[in-house]
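Which chain is which? The protein sequence lines are A and B, in order. Letter 118 of the first sequence, counting from 1, is numbered 118 in my numbering, and no numbers are missing. All you need for my numbering is the position in the second sequence, starting with 1, plus 1000. C-beta: ideal position from N, C-alpha, C; glycine also. Since the structure is predicted, the reported quantities are computational estimates derived from the model, not experimental observations. Report on one structure; see the data block that follows.
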Amino acid sequence: MSTVGLAEPVRAWRVGICAVLCLAAMSCGDSNTSKGVTNPSASNVVSVVVDAGPTSTSPDVNTLFTTVTVCVPGNTTTCQTIDHIQVDTASYGLRILAPVLTLSLPVQTVGNGESLVECTQFVDGYSWGPVATADVQIGGEAAASVPIQVIGATNFLSLVPANCSSIGPAEDTVAAFGANGVLGVGVFAQDCGAGCVNSAANGFYYACTSTQCTGTTLVLASQVPNPVTLFAKDNNGVIIQLPTVAAGGAATVTGSLFFGVDTQTNNKSGSQAVLNVDPTQGYLTTMFNGMTLTQSFLDTGSNGLYFNDSSITACTSSNFTGFYCPASTLNFTATLQGVNGVSANASFSVDDAQNLGAGLAAFATLAGTFPSDPATFDWGLPFYYGRTVYTVIESAVTSVGMGPYVAF
Amino acid sequence: MPIARSIVSVKKCVFAGGLLVAALSPCIANAALGEPEASVQTDVTELRGSIKTTEHTYYRVHAIQLPSGTVVREFVGADGKVFAVAWNGPTMPNLRQTLGQYFDPYVAAAKDNHAGHHQLHFEQDDLIVQSSGHMRAFSGRAYLAQALPSGVSEGELH
């Protein structure tokens, strides 16, 4: 019996035959599947929500979602609004699961007209699918002809290169993915960056004929970008603001995702500490328990706080392997430090992971080990509860500094 | 010597391929976890990496630097077998190559990861896989719990 993380019932598969056919065929027309998220009044802010996610039979925990509208490029009426797109500050680019996409979006081509297909790597597997272009609207912000990945489009599934499938399991269904897509709004402007400009064996991008795929180099402008960078304004970063979560957890948490920093009256820099992160991998340093953890990061895409502390009781239930199960709530303080030397303290609490009640989706005290790298503190979504956290993109400028940085 | 190991590894592979799976697949040099130390050199070749070896009290570590910048470390015990593989860097390594015979069972059982896409903790029988990180920054390790040499703690495997 395998065990990973929180106990959940078996996930149901969501089948979307139309969606995958549409990608390569004709338009399937308009649709609007928005629900649950409403757009606040200002144009540069959109609601975000922590809830059980898109599949009720397999509830998500500490997963932040928003709603995104994609349109056929240049066509303002052939659009689809998709809810439960995960907001991720530790990836870069918009990716949508093919089974939920009902639009026909043009696939990018490279070289001699081959289709551009991407292998997105996750720690627990890979997502394979073509890079298409779409006009993207999030709240009142818009960007035209944005390269996005369509994960799991069936017309390319048989072509998965061995180097991609050799990462682990495929994550190309809503059930496997836990969301209808992911919106990567972290500190980098593209998902791959210079490595894919210079090397065809980059592991990200492939040029595919109808029968085979070959690794390809790709200029920055063709890579899947953090879509914020393509907004006409408010394009230097994002701010995520979430309320505190009560000790027992919450079924739903609603907050705000602001676009831009110091570009409007509602996204000003304040007195927050500005912590620059390293320009290659986005790391900062955490000082905790006398340790200096140089490969730490802030990440809304991690559903807990992950760090190593052998003094905290580990869960023994196989359903909670890797999580902490202390007998009572433990309170800690750590210091985060940027590569620019600026530091800030952060308090956090850890409680028994098994106390998470049924029907609840947000827990501020969920924490677990990070065994694979003793130099890491992964500040997942619980860190964002009760805070306003700035994420500024590489080379972008605000009134208080230049990205890549985080501030809180 | 690395060259000698390489030759040994290739012969073993050709033999196995001819005998068992000649028509089914190309000769995939099964490497690493649970395999003899010679398989490390196969990984170096298959992953197109360069290697650096360091000696420790209870084991030897072969660090393979991949073209992507990711470093794969293979831990070899006194019995001459690989008991752990660890990785760190901007891309995930080829786990089919480095986990060898353990890859298919891992994939079959690891599909229900409930801790999100940035954390994986997997246990099945003797195999433990822990993988963490995010786009451009991955780390992880896989090891055989029963094969850890005496005197070696899990915390050293990174």
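If you follow the alpha helix (DSSP H) that A/PRO382 is in, where does it begin and where does it stop?
381-384
Any 3 or more C-beta pairs closer than 8 angstroms across the region 180-197 of chain A and the region 211-227 of chain A:
yes
What residue range is occupied by the uninterrupted beta strand (DSSP E) comprising A/ALA142?
141-151
For my contact list, A/ASP124 and A/GLY168 are in at a C-beta cut-off of 8 angstroms; report their separation, rounded to the angstrom.
6 angstroms
What's the gap between the Cα of B/ARG1048 and the Cα of A/SER271?
48 angstroms
Using a Cβ cut-off of 7 angstroms, which residues of the region 1121-1139 of chain B contact any Cβ in chain A, in chain order?
HIS1121, PHE1122, GLU1123, GLN1124, GLN1130, SER1131, SER1132, GLY1133, HIS1134, MET1135, ARG1136, ALA1137, PHE1138 and SER1139
Best match in A/SER47, A/SER43 and A/ALA42 for proximity to A/THR252 [C-alpha to C-alpha]
A/SER47
Cβ of B/ARG1060 within 8 angstroms of any chain A Cβ:
no
Is any beta-carbon of chain A found at less than 8 angstroms from that of B/GLY1155?
yes
Touch test, the region 154-173 of chain A against the region 71-82 of chain A, Cβ-Cβ under 8 angstroms, three pairs minimum:
no
Just list the residues that DSSP pairs A/ASP278 with in beta bridges.
Note: A/ASP278 sits in no beta bridge, so no partner.
Nearest-angstrom Cβ-Cβ length linking A/ASN289 and A/THR369, presumed shorter than 8 angstroms
Not really, about 13 angstroms apart at Cβ, beyond 8 angstroms.
B/VAL1082 at chain A interface by Cβ criterion, 8 angstroms
no
Quickly, what does DSSP pair A/LYS233 with across the bridge? List them, please.
Per DSSP, none; premise fails for A/LYS233.
Would you list, in chain order, the members of the region 106-126 of chain A that have their beta-carbon closer than 7 angstroms to a beta-carbon of chain B?
GLN121, PHE122, VAL123 and ASP124
At 3 residues or longer, what runs of the beta strand (DSSP E) sit wholly inside the region 167-233 of chain A?
181-185, 205-208 and 213-215
So, with DSSP's three-state summary, where would you put A/CYS164?
helix
Mapping DSSP to helix, strand and coil, what is A/ASP135?
strand
Per-residue burial, B/HIS1056 [other beta carbons within 10 Å of its own, 16 or more giving buried]
exposed
Starting from the C-beta of A/THR286, find all residues in its chain whose C-beta is less than 6 angstroms away, skip the five residues before and the five after it, and write them out in chain order.
LEU293, SER296, ALA334, LEU336 and PHE377
DSSP state of B/ALA960, grouped into three classes?
The structure shown does not extend to residue 960 of chain B, since chain B is modelled only from 1001 through 1158, so no value can be given for it.
If we cut at 8 angstroms on Cβ distances, does A/ASP352 have a partner in chain E?
No chain E is present in this structure, whose protein chains are A and B.
Counting C-beta neighbours from all protein chains within 10 Å, is the total for A/THR38 16 or more, i.e. buried, or is it exposed?
Only weak support exists for where A/THR38 lies, its pLDDT of 41 falling under 50; the coordinates are left without a value.
For the alpha helix (DSSP H) holding A/ALA344, just list the boundary residues, first then last.
No alpha helix (DSSP H) holds A/ALA344; the beta strand (DSSP E) holding it covers 343-350.
Cα-Cα separation between B/HIS1134 and A/ASP60, rounded to whole angstroms:
18 angstroms
Could you work out which residues of chain A lie near B/HIS1056, taking near to mean beta carbons separated by less than 9 angstroms?
Neighbours of B/HIS1056 on chain A: none; closest Cβ ~16 angstroms, over 9 angstroms.
Going by DSSP in three states, B/GLN1041 sits in which element: helix, strand or coil?
helix
How about the region 1071-1089 of chain B and the region 1138-1150 of chain B: do they share at least three Cβ pairs that are nearer than 8 angstroms?
yes
Taking a Cβ distance cut-off of 8 angstroms, strictly less, list which residues of the region 138-168 of chain A are near chain B, in chain order.
ALA162, ASN163, SER165, SER166, ILE167 and GLY168
Find the residues of chain A that neighbour B/VAL1107, judging by a C-beta separation of less than 9 angstroms, and give them in chain order.
GLY125, SER165, GLY168, PRO169 and ALA170
Identify which residue in A/ASN202, A/ALA232 and A/ILE240 has its Cα closest to the Cα of A/VAL406.
A/ILE240
May I ask you to report which of helix, strand or coil DSSP gives B/PHE1138?
strand
Judging by CA-CA distance, which residue of A/TYR385, A/ASN331 and A/ASN236 is the nearest neighbour of A/GLY403?
A/ASN236
Is B/ARG1048 helix, strand or coil by DSSP?
coil
For B/THR1098, which of helix, strand or coil comes out of DSSP?
helix
How would you list, in chain order, the residues of chain A whose beta-carbon sits under 7 angstroms from the beta-carbon of B/LEU1095?
SER166, ILE167 and GLY168
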